[in-house]
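Some notes on the structure that comes next.
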Amino acid sequence: MLVNPQLEDRYFYSVVRLMNERFKNMRRKRRTKTEKADSYVFSLLLTLSNMLAGYQGKTVEVGRAHFETENTRFTILDAPGHKSYVPNMISGASQADIGVLVISARKGEFETGYEKGGQTREHIQLAKTLGVSKLVVVINKMDDHTVNWSKERYDEIESKMIPFLKSSGYNTKKDVHFLPISGLVGFNLAKRIDKKVCNWWDGPCLFEVLDAIEIPPRDPKGPVRMPIIDKYKDMGTVLMGKIESGTIHENDSLLIMPNKAPVKVLAIYCDENKTRRAGPGENVRVKLSGVEEEDILCGFVLSSVANAVNVVSEFNAQLQILELLDNAIFTAGYKAVLHIHSVVEECEIVELIEEIDLKKKKDVDPKKRKHKKKPLFVKSGAVVVCRIQVNNLICVENFSDFPQLGRFTLRTEGKTIAVGKVVSLPPAGCSTFLL
Numbered sequence: 001m002l003v004n005p006q007l008e009d010r011y012f013y014s015v016v017r018l019m020n021e022r023f024k025n026m027r028r029k030r031r032t033k034t035e036k037a038d039s040y041v042f043s044l045l046l047t048l049s050n051m052l053a054g055y056q057g058k059t060v061e062v063g064r065a066h067f068e069t070e071n072t073r074f075t076i077l078d079a080p081g082h083k084s085y086v087p088n089m090i091s092g093a094s095q096a097d098i099g100v101l102v103i104s105a106r107k108g109e110f111e112t113g114y115e116k117g118g119q120t121r122e123h124i125q126l127a128k129t130l131g132v133s134k135l136v137v138v139i140n141k142m143d144d145h146t147v148n149w150s151k152e153r154y155d156e157i158e159s160k161m162i163p164f165l166k167s168s169g170y171n172t173k174k175d176v177h178f179l180p181i182s183g184l185v186g187f188n189l190a191k192r193i194d195k196k197v198c199n200w201w202d203g204p205c206l207f208e209v210l211d212a213i214e215i216p217p218r219d220p221k222g223p224v225r226m227p228i229i230d231k232y233k234d235m236g237t238v239l240m241g242k243i244e245s246g247t248i249h250e251n252d253s254l255l256i257m258p259n260k261a262p263v264k265v266l267a268i269y270c271d272e273n274k275t276r277r278a279g280p281g282e283n284v285r286v287k288l289s290g291v292e293e294e295d296i297l298c299g300f301v302l303s304s305v306a307n308a309v310n311v312v313s314e315f316n317a318q319l320q321i322l323e324l325l326d327n328a329i330f331t332a333g334y335k336a337v338l339h340i341h342s343v344v345e346e347c348e349i350v351e352l353i354e355e356i357d358l359k360k361k362k363d364v365d366p367k368k369r370k371h372k373k374k375p376l377f378v379k380s381g382a383v384v385v386c387r388i389q390v391n392n393l394i395c396v397e398n399f400s401d402f403p404q405l406g407r408f409t410l411r412t413e414g415k416t417i418a419v420g421k422v423v424s425l426p427p428a429g430c431s432t433f434l435l
């Protein structure tokens, strides 16, 4: 097999939550020599990523781990599954190229997560909104005594999920892959499952599916855009993030935005390996001089000097209202929490510009739309162009130019109430629209 010497980074987040009892049982059990090592690898990776887990085994922060297949280097972003930590899941999903949605086949568990109020539906909607265009749905716990690798149970779960995946915007024939696994014993992860265990599955294993997924290319020659997700001190200031556009080289002169702080690149690390340059799609740590760690916040962006990232305190957006709390109305003055790349900011809707009928015309350029009377309010299910204002300067881009920095969600009282994209920004050099 021909292997590309410049392995392409891909990222996926997993919503697996490994309970403490699992690891206690693994300690008590002595494995025999005949048992396969696949589950050891998978468990080790997810154990490492869960070192940041909170109490009762729930993943709170976004855990990280790395592994390689024959063709590809992957970074696992193990995102929280608990409803209290959806903002952390948003942070993980915003960095991901591939989503691995882990569904329990155990009787009752799938139904609890998938029914109204469960987290499965919200995670699917958020993944699509945040740019996770490729989704792998692994149906886990197929070895459970309530399932016993039942094809009927597998088909039941798949048939229930497909309509919702379609309604969330996924092409279920091209962009979604289903497969059965057992994470506990490692079946159908790195190697195809034995026919003696599951005689009806003829498809690939998880690693084969991941290897085969094509990620849309990014522009290595474009302006540098790296949203900052974390920072720390280590003989200089070190930033963590994913390069969404452009290429970063050692000794480059860049800007930290929105502060416009000039910095110099001292070193670049991919995983634990030092490298002289890193391109779009790579998850990196960048050591800088010229700025103090305490002067940087998560949500700032490492940017090229020429064609720097846009910095604004308001923007126009196209919003799809999902479900408002208590059948509230959405109008000027509505307040929520904005999540856009690694930014989390309180925001206010200052103006409703136009309600859009998607049945008549989809995604029309706002500049080409005929003037219509501005709506006073809209309700759940509506699509509206509106103006959003935040208290602090933030780094954003038009969705049409940089999708990763132009898509967002609005949340209030722990619930996602709208998803949207940036459609226009204030004039160059201005943070707000001119009156």
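Here the sequence shown is numbered in UniProt numbering, starting from 1 and rising by one per residue. C-beta atoms are modelled at their ideal positions from N, C-alpha and C, and glycine is treated no differently. For clarity, every value in this text was computed on a predicted model and none was experimentally measured.
(Q) Does residue 114 pass the burial test, meaning 16 or more other C-beta atoms within 10 Å, or should it be called exposed? (A) Burial call: buried.
(Q) Could you tell me the alpha carbon to alpha carbon distance between residue 186 and residue 158, rounded to whole angstroms? (A) Residue 186 and residue 158 have their alpha carbons spaced roughly 21 Å apart.
Q) Unbroken alpha helix (DSSP H) runs of length 4 or more, entirely within the region 82-145: which are they? A) Taken in chain order, the complete alpha helix (DSSP H) segments of 4 residues or longer contained in the region 82-145 are 86-93, 109-114, 119-129.
Q | Exposure label - residue 235; buried when at least 16 CB within 10 Å | A | Exposed: under 16 other Cβ atoms inside 10 Å.
Q) Are there 16 or more other CB atoms within 10 angstroms of the CB of residue 64, so buried, or fewer, so exposed? A) With 16 or more other CB atoms across the displayed protein chains lying within 10 angstroms of its CB, residue 64 is buried.
Q | As assigned by DSSP and simplified to three states, the class of residue 373 | A | Coil at residue 373, not helix or strand.
**Q.** Validate contact between the region 261-279 and the region 235-253 using beta carbons, cut 8 Å, 3 pairs
**A.** Output reads yes: the region 235-253 touches the region 261-279.
Q) Mapping DSSP to helix, strand and coil, what is residue 151? A) DSSP, reduced to helix, strand and coil, places residue 151 within a helical segment of the structure shown.
Q. Is the beta carbon of residue 380 sitting closer than 8 Å to the one on residue 322?
A. Residue 380 places its beta carbon less than 8 Å from that of residue 322.
Q: Would you list the residues sitting across from residue 172 in a DSSP beta bridge?
A: Looking at the DSSP output, residue 172 bridges to nothing.
Q. Comparing alpha-carbon positions, which option in 203, 346, 356 lies nearest residue 392?
A. Of the candidates 203, 346, 356, the residue whose Cα lies closest to the Cα of residue 392 is 346.
Q) Roughly how many whole angstroms lie between the Cα atoms of residue 68 and residue 189? A) Approximately 13 Å, taken between the alpha carbons.
Q | residue 211 - containing alpha helix (DSSP H), residue span | A | Counting along the chain, the alpha helix (DSSP H) containing residue 211 begins and ends at 206-212.
Q) residue 181 by DSSP, collapsed to three states: which one? A) Of the three classes helix, strand and coil, the one that applies to residue 181 here is coil, per DSSP.
Q. Which two residues bound the contiguous beta strand (DSSP E) that contains residue 257?
A. Where residue 257 is concerned, the enclosing beta strand (DSSP E) stretches over 253-257.
Q.
Taking a contact to mean a Cβ-Cβ separation below 8 Å, would you say residue 170 touches residue 128 in this structure?
A. It is a contact, given that the beta carbons lie within the stated cut-off.
Q. Thinking C-alpha only, which one of 383, 340, 203, 105 is nearest residue 357?
A. Closest option to residue 357, Cα to Cα, is 383.
Q) Under 8 Å, do residue 93 and residue 136 count as touching if we go by C-beta distance? A) The answer is no: Cβ separation not under 8 Å.
Q. Hey, residue 387 and residue 314 are a contact pair by Cβ (cut 8 Å); roughly how many whole angstroms apart?
A. With a Cβ gap of about 6 Å, residue 387 and residue 314 count as contacting.
Q: Pull up the distance between the alpha-carbon of residue 278 and that of residue 247, whole angstroms please.
A: If you take the alpha carbons of residue 278 and residue 247, they lie about 6 Å apart.
Q | Reference residue 282, options 89, 70, 97, 71, closest by Cα | A | Closest option to residue 282, Cα to Cα, is 97.
**Q.** Span separating the alpha-carbon of residue 240 from that of residue 292
**A.** Distance between the alpha carbons of residue 240 and residue 292: 15 Å.
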